[in-house]
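Protein chains in written order, with the numbering used here: chain E, -12 to 159; chain D, 240 to 570. Virtual Cβ for every residue (Gly too), placed ideally from N, Cα, C.
See below:
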């Protein structure tokens, strides 16, 4: 008998399932695939793939260097494919960069002045804390995929009609 | 339906014949024998196989009634109102309802939970683990007369990280050394660690862990654990194998991200149980369960599922008033 093989999928290796609507509207399930979304995104577009009132999950295609981001609250990044480096900086004046009461990640025009906090390298399955009040930048040598846990903000992109299943589709 | 809060609880001595105790909560009475559990209420009675009942009751206790409704089968279950719990029979079954055979009583959640904890402890025999999938070597068997117990299995604490697993003072990562070997179906999952280089003074904030390795070492199935927290947004990943022991009726939108392998979800109308959709989720797939359905998952191989919850206690009322949507996103 063969060993068990765990299937994780990836940017170039995904086979979505689907919604087979019996007496329903398939749109109700907001069904998409993180790898599919990332495969059709520009680098570091933060495309919402989940939304629960103000909270979102975003799928990012990590490729090359991202802009610097800052966020008033904690966020998390899960690497779902490839390898992603994260550089973290504690801005000298974070409140000047982002309203401490604001929600979601804000793109910075340039690298913030501040103390270097550290560096993290994530591979598939690794999850990092992006601490609130810190600034961060992603870097990936080859196309990779990140799923974020955050709150909808100015950098969040919504294009549900493009990414979600609209018609009933029994999975092959 | 009885609106008044029930206060009658009784644990009857063990049966001379089976060795199991019997239980009363309000006018519901629970007994078990070698194979079956019987539930009796003023207008009817119901029988379930002991294995399915114990797996469902184990989650009820471990999850503290969870969010919304936990239907053990089309007839019996509970609904969480966060402090108050409904226990029902036939309430969400059209035929029971139409014929006036449905029954619902309200309980203080903590009191009912205390009774259920005793029931789980008494009705779990030595070697049987209601958290395990039946194909696992150490799953054991629920059948037979009373034969010891398995307190270690049924008193596991559900992990609830305050910020993120692995941070100093927060929920620990799982390793061989702390008693969490990889599951047989996840032996091929890498245990490598992320590279973390924290500058002095930032050791508690520059942090990462291997979530997939963490899930590969879970010793339970269908038991979402909080692994990271953004205010009321909870990432609750879990390892799944065999069948979700309850039909979970949503009182809010609940999101799934299939991190590995495949789960099929049977989705039904929350109130009537009529089929609505069948959803196949494979690695990378994302789907939202609307707030007006019940769902039950089937995972043929142990898989990793990220359950994403908005834990705000205001949501059921917001949905009722129309302030929050039944379907998470309109497009």
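Original post:
By a C-beta neighbour count over all protein chains shown, 10 Å radius and 16 as the cutoff for buried, is residue 321 of chain D buried or exposed?
Top reply: Residue 321 of chain D counts as exposed, since fewer than 16 other beta carbons sit within 10 angstroms of its beta carbon.
Subject >> Residue(s) in a DSSP beta bridge with residue 66 of chain E >> reply: According to DSSP, which records beta bridges pairwise, residue 66 of chain E is partnered with E:133.
Subject >> Residues bridged to residue 403 of chain D [DSSP beta-bridge criterion] >> reply: The partner list for residue 403 of chain D (beta bridge, DSSP) reads D:467.
**OP:** Taking C-beta pairs closer than 8 Å, name the residues in chain E that residue 303 of chain D reaches, listed in chain order.
**Re:** None at all; the shortest Cβ gap to chain E is about 21 Å.
Subject >> Cβ-based burial, residue 295 of chain D [other Cβ within 10 Å; buried from 16] >> reply: By the Cβ-count criterion, residue 295 of chain D is buried, with 16 or more other Cβ atoms from all chains shown falling within 10 Å of its own Cβ.
Original post:
Contact check, residue 371 of chain D vs residue 460 of chain D under 8 Å by CB: the rounded distance?
Top reply: Confirmed, about 7 Å.
Original post:
If you measure beta-carbon to beta-carbon, which residues of the stretch 3 to 34 of chain E are closer than 8 Å to chain D?
Top reply: Within the stretch 3 to 34 of chain E, the qualifying residues are 3, 4, 5, 6, 7, 8, 9, 10, 11, 13, 14, 15, 16, 17, 18, 19, 20, 21, 22 and 23.
**OP:** Mind checking which residues open and close the alpha helix (DSSP H) that includes residue 511 of chain D?
**Re:** No alpha helix (DSSP H) contains residue 511 of chain D, which DSSP labels as neither H nor E.
**OP:** Taking only the alpha-carbon atoms, compute the straight-line gap between residue 405 of chain D and residue 500 of chain D and give it to the nearest angstrom.
**Re:** Each residue's CA atom was taken as its position, placing residue 405 of chain D and residue 500 of chain D some 25 Å apart.
Original post:
Taking the Cβ atom as the reference point for each residue, do residue 444 of chain D and residue 106 of chain E lie within a distance shorter than 8 Å?
Top reply: Contact: no.
Original post:
residue 585 of chain D by DSSP, collapsed to three states: which one?
Top reply: This structure cannot settle anything about residue 585 of chain D, because the visible part of chain D is limited to 240 through 570.
Original post:
Should residue 534 of chain D go down as buried or exposed, given a rule of 16 or more other Cβ atoms within 10 Å for buried?
Top reply: Under a 10 Å Cβ-count criterion, residue 534 of chain D is classified as buried, with 16 or more other Cβ atoms of the shown protein chains found around its own Cβ.
Subject >> Chain-ordered chain E contacts of residue 426 of chain D [CB-CB under 8 Å] >> reply: Ordered by position in chain E, the residues that pass the 8 Å Cβ test against residue 426 of chain D are -10 and -9.
**OP:** Would you decide whether residue 308 of chain D is buried or exposed? Buried here means 16 or more other CB atoms lie within 10 Å of its CB.
**Re:** Taking every protein chain shown into account, the CB of residue 308 of chain D has 16 or more other CB atoms within 10 angstroms, so this residue is buried.
**OP:** Report back the beta-carbon spacing between residue 584 of chain D and residue 250 of chain D to the nearest angstrom; my notes put them in contact at under 8 Å.
**Re:** This structure cannot speak to residue 584 of chain D, because chain D is shown only from 240 to 570.
Original post:
Do you know how far the Cα of residue 378 of chain D is from the Cα of residue 27 of chain E?
Top reply: Roughly 44 Å between the two C-alpha positions.
Subject >> Reduced DSSP category for residue 361 of chain D - H, G, I as helix; E, B as strand; rest coil >> reply: Residue state for residue 361 of chain D is assigned as helix, using DSSP reduced to three classes.
Original post:
Looking at C-alpha atoms only, which residue of D:279, D:438 and D:363 is the closest neighbour of residue 586 of chain D?
Top reply: A question about residue 586 of chain D goes unanswered here, because the residues of chain D that appear run from 240 up to 570.
Original post:
What number of angstroms, rounded off, separates the C-alpha of residue 538 of chain D from the C-alpha of residue 141 of chain E?
Top reply: Computed Cα separation, rounded: 38 Å.
Original post:
Under the three-state reduction of DSSP, which class applies to residue 103 of chain E: helix, strand or coil?
Top reply: Three-state DSSP puts residue 103 of chain E in a strand.
**OP:** Classify residue 486 of chain D as helix, strand or coil using the three-state DSSP reduction.
**Re:** DSSP, reduced to helix, strand and coil, places residue 486 of chain D within a strand of the structure shown.
Subject >> Min CB distance residue 121 of chain E to chain D below 8 Å >> reply: For residue 121 of chain E, the answer is yes, since a Cβ of chain D falls inside 8 Å of its Cβ.
Original post:
Since residue 559 of chain D is in the alpha helix (DSSP H), which residue starts that stretch and which ends it?
Top reply: For residue 559 of chain D, the enclosing alpha helix (DSSP H) begins and ends at 554 to 560.
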